[in-house]
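Peer 1:
Residue numbers (my numbering): 1 to 76.
#1: Please confirm whether residue 55 has its beta-carbon closer than 8 angstroms to some beta-carbon of chain D.
#2: What does the Cβ neighbour count give for residue 126, buried or exposed, with the cut at 16 atoms within 10 Å?
#3: Once DSSP output is grouped into helix, strand and coil, what is the label at residue 31?
#4: How many whole angstroms separate the CB atoms of residue 105 and residue 6, which I take to be in contact at a CB cut-off of 8 angstroms?
#5: In or out: residue 27 buried (at least 16 other Cβ within 10 Å) or exposed?
#6: Does DSSP classify residue 26 as helix, strand or coil?
#7: In the DSSP assignment, find the beta strand (DSSP E) that holds residue 73 and state where it starts and stops.
#8: Between residue 29 and residue 58, is the Cβ-Cβ spacing less than 8 angstroms?
What follows is the structure, encoded as structure tokens:
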């Protein structure tokens with residue numbers, strides 16, 4: 001089942017999101033700032049982001065770790 005990720009435009013609204021029961025969200029202005037900081041430190045990273053964010057570029061699929069690992073065998 002696909003998951004919905006909510007985009008928060010204003011970081012001052014995070015408390016509202018947390019209190020609404022939304023599990024996955026991203027603060028877009030922070031996300032963009034983090035990318036800009038990373039590219040300023042490592043300019044070659046821009047090529048990777050360009051490829052990821054183009055409509056015809058590469059795709060990333062995020063799957064639950066439980067698809068690949070049996071956590072019942074992990075010692076605590």
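Backbone N, C-alpha and C define an ideal beta-carbon position, used for all residues, glycine too. All values derive from a computational prediction rather than experimental measurement.
Peer 2: Reading off the structure:
#1: Within the model displayed, chain D is absent; a lone protein chain is all it includes.
#2: There is simply no residue 126 to check, as the chain begins at 1 and stops at 76 in what is shown.
#3: helix
#4: What the structure shows of the chain is the stretch from 1 to 76, and residue 105 is not part of that stretch, so it cannot be assessed.
#5: buried
#6: strand
#7: Neither: residue 73 is in no beta strand (DSSP E) and is coded neither H nor E.
#8: no
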